[in-house]
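Residue 130 in UniProt numbering sits at position 130 of the sequence shown, with consecutive numbering throughout.
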Amino acid sequence: MLNVFNISGSALSAQSQRMNVTASNMANADSVAGPDGQPYRAKHVTFELDAAPGQSVGGVRVSDVGESQSPFRRQYDPGNPAADDEGYVSLPNVDPTEEMVNMISAARSYQANVEVLNTNKSLMLKTLTLGE
């Protein structure tokens with residue numbers, strides 16, 4: 001029963017990191033350039049199984065936070081100082097709709113794991129009272 005706490009706890013941590021990455025993507029969706037002079041690249045989280053050696057069941061952990069390789073968005077704005085020779089400004093490759101779906105999915109997964117923790121806690125407390 002204690003293993004459930006570890007598994008759900010790892011999921012809470014992973015989904016929290018996913019929500020942070022998604023929030024970062026949303027915050028930078030309209031930025032023209034980062035510190036390196038290039039537009040922000042959307043980031044995505046990759047999960048992997050976090051099980052004890054020899055076990056096929058376990059928690060989850062973030063294995064990588066990678067950058068999206070999709071092309072930057074281009075917007076025609078010849079008056080912008082960041083515009084190229086053709087008058088286009090390169091903008092981040094962040095899709096706000098996709099990011100909102102990611103945020104909702106991560107929040108629901110987080111909420112579901114909180115419910116698992118609460119249910120497991122209730123079951124453990126009821127088990128302890130059986131001997132009374």
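All residues carry an ideal CB built from backbone N, CA and C; glycine is no exception.
Identify whether residue i lies in helix, strand or coil by the three-state DSSP scheme.
i	result
R108	helix
Q75	strand
R18	helix
G9	helix
S63	strand
L91	strand
E86	coil
L49	strand
Would residue i and residue j qualify as a contact pair, given that the criterion is a beta-carbon distance under 8 Å?
i	j	result
S63	F47	yes
V60	A29	no
K43	G66	yes
N93	P71	yes
L91	V32	yes
Thinking just about the alpha-carbon of each residue, which of the options is nearest to the one in residue i?
i	options	result
G9	K121, G131, E132	K121
G37	P53, D84, S105, T127	D84
How would you label residue i, buried or exposed, when you count the other beta carbons within 10 angstroms and need 16 or more for buried?
i	result
N113	buried
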